[in-house]
Ligand code: FAD
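Numbering (mature numbering (1 follows the signal peptide of the UniProt record, and there is no 0)), first residue to last: 261 to 525.
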């Protein structure tokens, strides 16, 4: 049963092991379905690596690995890269230089009550919430990159990554529809944090009761009152969000100080 393998965790924390496992899965499994990267796909991947290399609040060895990958992608004069070359770099060159990305996938805050549930998609949401919060707290982090001074940099990168590489194409279509509807109205880095939160709740509403719902982790409007009482208010008998408090909560929850190193090897 799952009992013996279950890893205790705290729902009020974010786990570095989920973020690292997500990157591992993305680079080693999801990307592997594309034999070569070229054109728009390659540009999307480069922008994704730029965003994570500059904003990922991770262990030094992981950040260094991402920076090495970025330098290599940027310096390469090719307009077409075989996936094997990326894998080679991730596996060999980096291991030799002592850089590190966990060799296996292990979910903690994203573990599911069965292996088909949660895991990677949960880690991808978590990663992008962390990245929007980092961008808002370090507005200069993307200086001297193609994504400089764009409050939409992280969201657009996520949108293109999801549309191009995310294994769930239905998810990509839904996300694209939400992006087309309102992403262009986002005018600041803080509004970007809130936009992603609002859209994630919209997805939770749509998926409540569906096949992809883990009975141990029912889809709810998040953060629940136990996580953030001040986020919830009532106006004329109706529930309303206090968005100022939600923003404060998101910055705390997805901020560097709340990312636990527990279970990282
Ligand atoms: P997740 O929704 O993955 O959330 C992970 C964690 O984030 C939660 O445990 C909670 O701690 C926190 N969280 C929850 N809500 C919020 C919020 N509003 N703001 C900030 N943090 C929050 N699956 C489908 O079946 N159909 C789809 O169309 C679909 N679209 C998707 C689109 C995207 C962009 C992504 C990344 C995933 C999509 N998925 C879709 C997968 C689905 O949203 C869940 O990721 C998956 O079902 C696992 O759910 P979960 O219980 O781990 O929670």
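C-beta atoms are modelled at their ideal positions from N, C-alpha and C, and glycine is treated no differently.
Beta-carbon separation of residue i and residue j under 8 Å?
i: residue 371; j: residue 378; result: yes
i: residue 420; j: residue 347; result: no
i: residue 417; j: residue 307; result: yes
i: residue 280; j: residue 402; result: no
i: residue 310; j: residue 405; result: yes
i: residue 521; j: residue 276; result: yes
i: residue 457; j: residue 510; result: yes
i: residue 326; j: residue 312; result: yes
i: residue 383; j: residue 278; result: yes
Please name the residue or residues paired with residue i in a DSSP beta bridge.
i: residue 501; result: 492
i: residue 252; result: Lying outside 261 to 525, the shown extent of the chain, residue 252 is not represented and no answer is given.
i: residue 486; result: Paired residue(s): none; residue 486 is not in a bridge.
i: residue 523; result: In the DSSP output, where bridge partners are listed per residue, residue 523 has none listed.
i: residue 274; result: 519
i: residue 400; result: Beta-bridge pairing links residue 400 to no other residue.
i: residue 477; result: 474
How many whole angstroms separate the CB atoms of residue i and residue j, which I take to be in contact at a CB cut-off of 8 Å?
i: residue 415; j: residue 443; result: 6 Å
i: residue 464; j: residue 480; result: 6 Å
i: residue 380; j: residue 285; result: 5 Å
i: residue 373; j: residue 476; result: 4 Å
i: residue 368; j: residue 523; result: 5 Å
i: residue 387; j: residue 282; result: 5 Å
i: residue 427; j: residue 436; result: Their Cβ separation, rounded to whole angstroms, is 15 Å, which puts residue 427 and residue 436 out of contact at 8 Å.
i: residue 385; j: residue 460; result: 6 Å
i: residue 425; j: residue 315; result: With a Cβ gap of about 18 Å, residue 425 and residue 315 do not count as contacting.
Does residue i have its Cβ less than 8 Å from a Cβ in chain C?
i: residue 384; result: Although the question refers to chain C, the structure presented lacks it and comprises just one protein chain.
Touching or not, the stretch 270-285 and the stretch 392-408, by the rule of three or more beta carbon pairs under 8 Å? Taking one beta carbon from each stretch, the stretch 270-285 and the stretch 392-408 have fewer than 3 pairs nearer than 8 Å; the two do not touch.
Counting pairs of Cβ atoms below 8 Å between the stretch 322-340 and the stretch 289-299, do you hit three or more? Touching, yes, given that three or more Cβ pairs across the two stretches are closer than 8 Å.
Just checking, does the stretch 503-514 make contact with the stretch 485-493 on the three C-beta pairs under 8 Å criterion? Output reads yes: the stretch 485-493 touches the stretch 503-514.
I'd like to know if the stretch 401-412 and the stretch 447-463 are in contact, where contact means that at least 3 CB-CB pairs between them fall below 8 Å. The stretch 401-412 is in contact with the stretch 447-463.
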